[in-house]
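**Student:**
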């Protein structure tokens, strides 16, 4: 990345003018993923070509005729065995199934039947009526917890999988859309970096132009496992085009519990004219009985149901909608009707449109000849190339390590957006005009203070002259840019020492140089770009590796020893990285960094930010607040760095706490209440122990005036089990139940939980949260509330994943900690959370292979937390990147 300049000037010290490296282009050119053609450092064209397939020379996507393009080397051309169809690179059903299972099935069911979210049927999913609406819905909004996980090709693959009716067998690969007959071909070329040859002509003339796309070719290239392609094609004559829908009917559960349900039905009219009169008919297949209905004249006869309009909602204007609903009972199974039909003059829905005429295509004759090697998980880069903007914390710590100044210069910097709980997400970090203003201002103040207070240390013995200044530029620039300066950069900074800029004053020249370096993109961004190594893989330079290691383990710029290791080229090996990582972990900065990870993972950082009502909690004050934050840090760092065990089990189930006098008094623990020093103390009364009972965590997941079973339940489900919950419906009032001096918090929230409109989701939340009820909104232990005994019995429904049919009861946070420590979901989630923190994004499909390696290693280590830190650095993916990805 070359430093960019501008010809304007910025005032400094009321009359001196500074030529600065420009910052404004950062907002456009230096943020988020880097997947452009040119490497901003020193792009090298990929010299390694891939083998091609048969005469049609398709692109190897596993669709259409021709072979897959190899990821390395060359292969023999395929033998043409028939007429080739045109290229048909369409959605990949196998990937669609995999993505749906991983990210969608928890909410929508294995086959779209619905669960804690709506069913993927036209009745409940209006965007499912056409691929043209379903694809952008998935691209923009799904999964709801992190829509960036499935965009572009991923969204197309999942939409096609849903549209095809959730087929069990997706081994055919991508859906071809090319024209052509049933020719065959022995297509060469490796599929997916190590797969076998794809056989046959996967094209075929599409069948009827209706929504399901029958007649699309189902032949495929290989899946990368060395198996032969199938070489089939479903071409054929096309049928009649189905009419476009003009109305839709959506049926969805507002709630669905063990014996009952509440259902809402929405009718939408987009026909271009009003509807006058309507009927919705459907069949219950599981013996459900409707007990109550509203906004409709509903009749049930056996399994059949007919719901008709009433006087006030019989007319639906164009562009308008109407709703009705009903409540019912069931015997344990409650599938949504699959035959929901809207009967209204002028209305055509996806459920009652014209039948399609499918094609009758022939089949390719020649299968592929296989022979490929499986793609090694260790060779999967996972992460994409990226430029990572320093967070406020990273900026501040870097300034301290570069200059020795301990002042926080970031107070006026914009606050980072948090994604999945973390403030270092590279995909959302962009430079705004406010960033530019603050970088310029902070750079000027840092430069002035550094020269005034730290000049001797920065110059390392010399005090004036060009030679002294030139040595400082090389030394300071290397530390700030995390690599040696280029000749052009060195000359540009030396050129700032001109009389017309400095008036011949050495101190002013030094200030200008420091400010220019600290406002350069090369300091403000840390690059994970690499150089091309073939097959779409980029290898990080040793200096980029040093930077990634230092900011992961220290949250700051590399020291001289790490930069020296980079210069020697030792960081490109796992052993070289591990040796340096062991050294870095001995430094106090590593403890602070691990604590920062835990605070963001657990959300405990909020203890220093949240307002608490002093009238309700008179014992809670800023001294207690700060002591709780310190307790959390000391507990985490002890488990990771000092404990003989140092495992995830200890993190959740330890029988000790770190207390000072303030917390002994607040927690009502024995010992001195005046001693300001923290010490490890065994808790014998069972009220503290393990991270779940730390005051910082408990108070962070509570309201200002009360505890919150909902916040605490969601925290465990999403942060400790990595099981994302859907957002509540927009029309649901999420205001907590009003305070009632005659009821406990549990009793108030149980009324809300038992509401059939809420139970569908809250069965996964409230039972967990109730187990925290021994602790109030500031983490103070209580045995009674409003004169009544506190009940801290809880249950974790489906701890290993939604709809797994398990129920684990517990009492209090100690037993919950034991459940989590022994849960594979919680064990894997710890690795996932550290991966998110380290990578700077929420994981996507491209990361699945790497995460499986890391979670298996974590299991093999007995869930040792230091192993978790080291394994990511040692893994080959730490130094590899791709040009782009779904991360």
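Numbering (mature numbering (1 follows the signal peptide of the UniProt record, and there is no 0)), first residue to last: -29 to -1, 1 to 858.
Note that CB positions come from ideal geometry on N, CA and C, so glycine has one too.
#1: Rounded to the nearest angstrom, what separates residue 494 and residue 101 at their Cα positions?
#2: Who pairs with residue 628 in a beta bridge, going by DSSP?
#3: May I ask you to report which of helix, strand or coil DSSP gives residue 621?
#4: Suppose only complete runs of 3+ residues qualify. What are the beta strand (DSSP E) ranges in the region 234 to 322, listed by chain order?
#5: Give the DSSP bridge partners of residue 676, in chain order.
#6: With a floor of 4 residues, list each alpha helix (DSSP H) that falls wholly inside the region 411 to 495, ordered by position along the chain.
#7: Counting only runs that start and end within the region 351 to 394, where is the alpha helix (DSSP H) found for 4 or more residues in a row?
#8: Take residue 452 as the anchor and find which of 660, 805, 517 has the nearest alpha-carbon.
#9: Please report the distance separating the alpha-carbon of residue 29 from that of residue 61.
#10: Measuring CA to CA, which of 267, 429, 231, 688 is closest to residue 306?
#11: Here's a check: name, in chain order, each residue in its chain whose Cβ is nearer than 6 Å to the Cβ of residue 840, leaving out the five neighbours to either side.
#12: To the nearest angstrom, how far is the alpha carbon of residue 216 from that of residue 242?
#13: Give me the Cα-Cα distance between residue 829 and residue 226, rounded to the nearest whole angstrom.
#14: Work out the CA separation of residue 234 and residue 187 for me, nearest whole Å.
#15: Is the beta carbon of residue 802 less than 8 Å from the beta carbon of residue 825?
#16: Would you kindly check if the distance between the Cβ of residue 422 and the Cβ of residue 376 is under 8 Å?
#17: Could you check what DSSP says for residue 783 in three-state terms: helix, strand or coil?
#18: Taking the alpha-carbon of residue 271 as reference, which of 258, 506, 737 has the nearest alpha-carbon?
#19: Would you kindly work out how many angstroms separate the C-alpha atoms of residue 240 and residue 248, rounded to a whole number?
#20: Report back the beta-carbon spacing between residue 660 and residue 627 to the nearest angstrom; my notes put them in contact at under 8 Å.
#21: Suppose the cutoff is 7 Å on Cβ atoms and the five residues either side in sequence are ignored; what does the same chain contact list for residue 845 look like?
#22: At the level of alpha carbons, what is the spacing between residue 287 and residue 806?
#23: Tell me the residue span of the beta strand (DSSP E) that contains residue 766.
#24: Distance, Cα to Cα, residue 838 vs residue 832?
#25: Measure the alpha-carbon distance for residue 596 versus residue 579 and round it to whole angstroms.
#26: Under a three-way DSSP split, which group does residue 505 fall into?
#27: Report the three-state DSSP secondary structure of residue 590 (helix, strand or coil).
#28: Identify whether residue 125 lies in helix, strand or coil by the three-state DSSP scheme.
#29: Assuming residue 618 contacts residue 384 (C-beta within less than 8 Å), just tell me the rounded distance between them.
#30: With a CB to CB cut of under 8 Å and the five nearest residues on each side skipped, what residues in its chain are close to residue 9?
#31: What is the DSSP secondary structure of residue 538, reduced to helix, strand or coil?
#32: By DSSP's criteria, residue 835 is part of a beta bridge. Which residues make up the other side?
#33: In whole angstroms, what separates the C-alpha of residue 780 from that of residue 513?
#34: Are there 16 or more other CB atoms within 10 angstroms of the CB of residue 699, so buried, or fewer, so exposed?
#35: Might you give, ordered along the chain, the residues of its own chain that have their beta carbon closer than 6 Å to the beta carbon of residue 319, omitting 5 neighbours on each side?
**Tutor:** According to the structure data:
#1: 48 Å
#2: 652
#3: Helix at residue 621.
#4: 250 to 254, 260 to 265, 268 to 272, 275 to 279, 292 to 300, 312 to 314
#5: Residue 676 is not bridged to any residue.
#6: 437 to 452, 458 to 465, 470 to 473, 477 to 489, 492 to 495
#7: 363 to 374
#8: Distances from the CA of residue 452 to each of 660, 805, 517 were compared; the closest alpha carbon is that of 517.
#9: Unreliable placement is indicated for residue 29, whose pLDDT of 35 sits below 50; the coordinate value is still reported in the next sentence. Those two C-alpha atoms are separated by around 12 Å.
#10: 231
#11: none
#12: 8 Å
#13: 38 Å
#14: Low local confidence applies: a pLDDT of 37 at residue 187 is under 50, so the model's placement there is unreliable, and no value is given.
#15: yes
#16: no
#17: Looking at residue 783 - three-state DSSP - the assignment turns out to be helix.
#18: 258
#19: 12 Å
#20: Contact annotation, residue 660 with residue 627: C-beta distance approximately 6 Å; criterion of less than 8 Å satisfied.
#21: Here the set comprises 545, 548, 549.
#22: 51 Å
#23: 764 to 768
#24: CA-CA distance, residue 838 to residue 832, rounds to 7 Å.
#25: If you draw a straight line from the Cα of residue 596 to the Cα of residue 579, it comes to about 7 Å.
#26: Here residue 505 sits in strand by DSSP.
#27: coil
#28: helix
#29: Residue 618 to residue 384, Cβ: 37 Å. No contact.
#30: Note that residue 9 scores a pLDDT of 35, beneath 50, so its modelled location is shaky and nothing firm can be said.
#31: helix
#32: 618
#33: 51 Å
#34: It counts as exposed.
#35: 214, 216, 217
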